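Colleague: The sequence shown begins at 1 in UniProt numbering and counts up by one.
The C-beta atom is built at its ideal place from N, Cα and C for all residues, glycine as well.
Given the structure is predicted, the values throughout are model-derived calculations rather than measurements.
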Amino acid sequence: MSTCRKRIVTDDTGRLAGSPPSPQTIRDTTSPLSPISPWPPLVTDDADTAPQETSHHVLQTLSSTSESNLPTSKEIYGSIAVLSTAIVFLVYLLWAFLPPQALDCVGWTWYPSRDWALIMPCWLMLVVLLTYLSYAGVTAYLTPPFDAPNLITGTPGVF
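Set out below in structure tokens:
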């Protein structure tokens, strides 16, 4: 029968876990979720772990894994962009396909003419097509001719 013993961990300086830490240590080892509780925990359940292994290296490993669970600003802005695009598209579909009486019942009393429900997608497709064509045209215009001297590469005199 094995017994699980809890062992108090010491840091690199040999200070026991129960001794009051310095303000710099508190600032470096607080949990990102709760600034009061220390991170990593000062008491471990593993009896086979040496005190040297549970010091600064474990602190860096655990803090890097806890930070990876938090969303980045790119993920947050991407989520907002996806949600707002979906909401705008839903509003567009409601405006395009619901009869005017249904929109009036909801309280949406002013909206553009239904002709724009067909004009807007056609106009957007034309803008995308012209954008591709203009980029291709600018690239072809800026490409030097085949006999341009700046196309010759390599070291001079080596054949």
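Do the stretch 89-99 and the stretch 111-124 touch if we need at least three Cβ pairs shorter than 8 Å?
Modeller: yes
Colleague: Can you tell me where the alpha helix (DSSP H) with leucine 133 in it begins and where it stops?
Modeller: Here the alpha helix (DSSP H) through leucine 133 covers 116-142.
Colleague: Any heavy atom of the ligand SAH closer than 8 Å to the CB of proline 149?
Modeller: Although the ligand SAH was asked about, the structure shown includes no ligands whatsoever.
Colleague: Please report the distance separating the alpha-carbon of tyrosine 135 from that of proline 144.
Modeller: 16 Å
Colleague: For the alpha helix (DSSP H) containing glycine 78, name the first residue and the last one.
Modeller: 73-97
Colleague: State the Cα-Cα distance for the pair threonine 109 and proline 99, rounded to the nearest angstrom.
Modeller: 12 Å
Colleague: Specify the secondary structure class of leucine 147 as computed by DSSP and reduced to three states.
Modeller: Reading the sequence as shown, one finds aspartate at residue 147 and not leucine. Under the three-state reduction of DSSP, aspartate 147 is assigned to coil, being neither helix nor strand.
Colleague: Quick one: give me the first and last residue of the alpha helix (DSSP H) that proline 100 is part of.
Modeller: 100-106
Colleague: Please tell me whether serine 79 and proline 71 are closer than 9 Å, where the distance is taken between their beta carbons.
Modeller: yes
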